[in-house]
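Below: one structure, written as structure tokens.
Protein chains: 2
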Amino acid sequence: MIRISIDAMGGDHGPSVVIPALAAVATRRSDIRFIIFGRDEAVRPELEKHPRLAEISEFFHAEISVRMDDKPSQALRHGRWKSSMWRAIEAVKTGQADACVSAGNTGALMAMSKFCLRTMATIDRPAIAAIWPTTRGESVVLDVGATIGADAHQLIDFAILGTGMARALFDIERPTVGLLNVGVEEVKGQEEVKEAGQLLREVNLASMNYQGFVEGDDIGRGTVDVVVTEGFAGNIALKTAEGTARQIAGYLRSAMSRTLMAKIGYFFAKAAFDSLREKMDVRRANGGVFLGLNGIVVKSHGGADQDGFAAAIEMAYDMVRNRLLDRIEADFDLFHARNPLTSVRRSATADEQE
Amino acid sequence: MIRISIDAMGGDHGPSVVIPALAAVATRRSDIRFIIFGRDEAVRPELEKHPRLAEISEFFHAEISVRMDDKPSQALRHGRWKSSMWRAIEAVKTGQADACVSAGNTGALMAMSKFCLRTMATIDRPAIAAIWPTTRGESVVLDVGATIGADAHQLIDFAILGTGMARALFDIERPTVGLLNVGVEEVKGQEEVKEAGQLLREVNLASMNYQGFVEGDDIGRGTVDVVVTEGFAGNIALKTAEGTARQIAGYLRSAMSRTLMAKIGYFFAKAAFDSLREKMDVRRANGGVFLGLNGIVVKSHGGADQDGFAAAIEMAYDMVRNRLLDRIEADFDLFHARNPLTSVRRSATADEQE
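So the sequence lines, in the order shown, correspond to chains A and B.
In this note's numbering, each residue's number is its place in the first sequence (first place is 1) plus 12.
In this note's numbering, each residue's number is its place in the second sequence (first place is 1) plus 12.
Right, here's the structure in full:
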């Protein structure tokens, strides 16, 4: 049985999208159970439309809904303990749920997740991982914006986290990993990226096939299964790719409506265009996964439709089923066993922080 | 008369693409003149095919050709004084040419340009600016990879350089400018980006309409005319966009050949697809411009075809005609007049470096 806690009030559409998405997933996965949090008057009417879903779900009224434009600090102040977002995360902490899914605002969800679940003992910072559609399939890209900047050891943490996710989601024994860097030759790359690369090569983990540096255009090419970078560059890469996809979709629309011939062509090729649109739809490449916390939290795109939200749930389901957290912990143990120096450094840093 | 010096040996195709491109531009611009450098046996046969071009050009044999995979240090060691690349740049320094165009390797071209032309006295570092096709037209994005990292003052330098380029190329009196940042709310952006934003707002230049922060997806949207960022994030954004465009082109090709209906559709809409392909072709969005040097150097894409190389020349032509360097110098004077503190700081730093 896999139990997913749901913040039903998140996203641009709230329960009207979230609840039908749960119902859809429930028909496909017989061993899934939901714990749903949200405002009674908004969620109940939707739930009543899906009696089969209601049967396999528990619903709890939550007073407060975090707004999409709340600042993380506001959300924490007003929504801790009482909001649907907080309570969905808390269900993971208490062990009632195996993972949490919310389409609510990223900053608030990360702040609450960190506060409630805490960062894993072995690492400094969590990361947000994105699933990136590529010509060869899908890759994991992280960090896409949890924090700005990362030193070499944090980059290695991200590499181990991302590898665990690729193993859990893509069913690859030894995912290929690359560090995002720039290729212009007179610039030699950020110092921390170079240092991280050297360490990864030296440690040579059994679970990770480190391939070296990759560039921006390697992401979409699917050159590696896991692309590792710090949050500033990662967020800009992700948003730039989304923007480019939207821009080209716009070109395509206008090209296909400009002349009569083009319109006729569009008519014949409509099915092909529809499948293309699906591939290019940024809302379908859905769900940032928060990695490095003591629990799995999936952030669905705020604008996700029913299919998009369902995809985020399926991702959470797969990560639980494939024991993501156990894999990640095992990899960290292995890494620190091979690289005792890091562990010393790490505990020293941890002491300082206390 | 506008005189452009040409490194005929650069790029994947060398003179066989470069020379026909010059010939094509010459038919469109009656007031253009070329000074061409390259190996005699490679360039002359091409030039002989274009007598009109030969008439308006001077050709000089250059012993050495910088290879596409030469490291900048190698290129400088072997190619200084004697390579076609160096001599094309030098023609700008000596005043024989108004601008230089090369499709040679970026690292070598930047190293030689810096060495030969020197960085402008008022700034710390040059930047590479890209012309980015957007839904609204075109924008200038810089730095896309000259150097990694930039402090607030260097970002402001980039903003002034980029504004000058947008004024010269797009014929806009007061281009809109944005600083590239991340939107995730709990991270407040890099300190240097915030500081640069505050300074730009305070100084409020007449030539620049500073709009605040923009995100990755704003670039393709054309939210601002000039997007300012440091070279690491900028290079990754550029390459990621190129990769995404190529990826979608691949999807499109395979979607249009999968079914008979799609093939029929493609047949009718072929003209529309051709115009779309042109829009999506990364080689056409051609030419990184080196800004911040005492001279204009345009880097054409190494894989550029004849049209691509011609576009790079036209860009150099436009920047010369619209007096790019004069505009930039005037803007820096204005900026430093309004912000005397910066000038003091800047000269202090310059003294230290000597």
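Note that the Cβ used here is the ideal one computed from N, Cα and C, for glycine as well.
Taking the alpha-carbon of residue i as reference, which of the options has the nearest alpha-carbon?
| i | options | result |
| --- | --- | --- |
| B/A257 | A/R41, A/G232, A/Q210 and A/R186 | A/G232 |
| A/A323 | A/A171, A/G26, A/R40 and A/M268 | A/R40 |
| A/T188 | A/V240, A/R137, A/G201 and A/D169 | A/V240 |
| B/R350 | B/A218, B/A274, B/L305 and B/S85 | B/A218 |
| A/M132 | A/Y278, A/L173, A/D24 and A/M80 | A/L173 |
| A/T146 | A/E254, A/T271 and A/V29 | A/E254 |
| A/D136 | A/L346, A/D163, A/I308 and A/V113 | A/D163 |
| A/K206 | A/V226, A/T271 and A/M273 | A/V226 |
| B/D82 | B/M97, B/R333, B/E70 and B/T175 | B/M97 |
| B/M327 | B/I68, B/A178 and B/F279 | B/A178 |
| B/H165 | B/T134, B/Y278, B/E185 and B/A180 | B/T134 |
| B/D237 | B/G209, B/E290 and B/D183 | B/D183 |
| B/K61 | B/V113, B/P27 and B/R186 | B/P27 |
| B/A274 | A/M273, A/T271, A/Y278 and A/L272 | A/Y278 |
| B/G201 | A/N221, A/G176, A/D169 and A/E242 | A/E242 |
| A/V309 | A/M13, A/V29, A/E102 and A/I31 | A/E102 |
| B/E70 | B/S287, B/G176 and B/A100 | B/A100 |
| A/S287 | B/T271, B/S287 and B/D286 | B/T271 |
| B/M80 | B/D345, B/K311, B/D330 and B/F280 | B/K311 |
| B/L337 | B/F244, B/F280, B/A283 and B/L305 | B/L305 |
| A/R186 | A/A171, A/G161 and A/M220 | A/M220 |
| A/E341 | A/D230, A/M21, A/A171 and A/I44 | A/A171 |
| A/E204 | A/G176, A/L167 and A/T175 | A/L167 |
| B/Q108 | B/V78, B/E150, B/D317 and B/F72 | B/F72 |
| A/H348 | A/P32, A/A316, A/A281 and A/D169 | A/D169 |
| A/D52 | A/A20, A/D43 and A/D343 | A/A20 |
| B/I76 | B/S95, B/P32 and B/A316 | B/S95 |
| A/T175 | A/R339, A/D345 and A/L346 | A/R339 |
| A/Y222 | A/V55, A/G190, A/L250 and A/A283 | A/G190 |
| B/D43 | B/L346, B/D345 and B/V332 | B/V332 |
With a Cβ-Cβ cutoff of 7 Å, do residue i and residue j count as a contact?
| i | j | result |
| --- | --- | --- |
| A/F49 | A/A74 | yes |
| A/L59 | A/F46 | no |
| A/R148 | A/G224 | no |
| A/G1 | A/P84 | Not covered by the structure: residue 1 of chain A. The range shown for chain A is 13 to 366. |
| B/G314 | B/G23 | yes |
| A/L129 | A/G307 | yes |
| A/A180 | A/N334 | yes |
| B/I260 | A/I248 | no |
| A/I16 | A/A111 | yes |
| B/V388 | B/I18 | The requested residue 388 of chain B is not part of the displayed model; chain B covers only 13 to 366. |
| A/I68 | A/Y329 | no |
| A/T252 | B/G262 | no |
| B/F285 | A/I276 | no |
Against residue i, what residues of chain B qualify as contacts under a CB-to-CB distance less than 9 Å, listed in chain order?
| i | result |
| --- | --- |
| A/L173 | The contacting residues do not exist; A/L173 stays about 18 Å from chain B at best. |
| A/R233 | G255, R258 and Q259 |
Can you pull the chain A residues whose beta carbon is under 8 Å from the beta carbon of residue i, in chain order?
| i | result |
| --- | --- |
| B/A257 | T256 and I260 |
| B/I143 | What B/I143 touches in chain A: nothing, since even the nearest Cβ is about 15 Å away. |
So with CB distances below 7 Å, who are the chain E contacts of residue i?
| i | result |
| --- | --- |
| B/S287 | Within the model displayed, chain E is absent; protein chains A and B are what it includes. |
Residues of chain B with CB under 7 Å from residue i, in chain order?
| i | result |
| --- | --- |
| A/T147 | Q259 and G262 |
| A/F244 | V194, Q202 and A245 |
| A/I135 | By Cβ distance, chain B contributes nothing, its closest Cβ being about 18 Å from A/I135, past 7 Å. |
| A/I4 | Limits of chain A in this structure are 13 at one end and 366 at the other, which puts residue 4 of chain A out of reach. |
In chain A, which residues lie less than 9 Å from residue i when you measure between Cβ atoms?
| i | result |
| --- | --- |
| B/A281 | A267, M268, T271, M273, A274, K275, I276, G277, Y278, F280 and A281 |
| B/A115 | The contacting residues do not exist; B/A115 stays about 15 Å from chain A at best. |
At 7 Å on the CB atoms, spell out the chain A contacts of residue i, in chain order.
| i | result |
| --- | --- |
| B/K251 | E227, G228 and D229 |
| B/I248 | L192, V194, G228, A245, I248 and A249 |
Can you list the residues of chain B that residue i reaches, using a CB-CB cut of under 8 Å?
| i | result |
| --- | --- |
| A/A284 | A267, M268, R270, T271, M273, A274 and G277 |
| query | Fully enclosed by the stretch 170–249 of chain A, which alpha helix (DSSP H) runs are 4 residues long or longer? | reply | 203–215 and 228–233
| Are there three or more Cβ pairs, one per stretch, closer than 8 Å when the stretch 149–167 of chain B is compared with the stretch 188–197 of chain A? | yes
| said: Using a Cβ distance threshold of 8 Å, determine whether the stretch 209–221 of chain B contacts the stretch 264–273 of chain B, with at least three qualifying pairs required. | reply: no
| request: Would you check if there are 3 or more beta carbon pairs closer than 8 Å linking the stretch 121–140 of chain A to the stretch 299–312 of chain A? | output: yes
| request: Decide yes or no for the touch test of the stretch 86–106 of chain A against the stretch 122–129 of chain A: beta carbon pairs closer than 8 Å, at least 3 of them. | output: yes
| message | To test your reading of the DSSP string, which unbroken alpha helix (DSSP H) runs of 4 or more residues are found completely within the stretch 332–356 of chain A? | response | 336–350
| query | Can you give, in chain order, each stretch of the alpha helix (DSSP H) that sits fully within the stretch 71–96 of chain B and has at least 4 residues? | reply | 84–91
| query | Taking the runs of the beta strand (DSSP E) that are 3 residues or longer, which of them lie wholly in the stretch 96–161 of chain A? | reply | 111–114, 139–146 and 149–154
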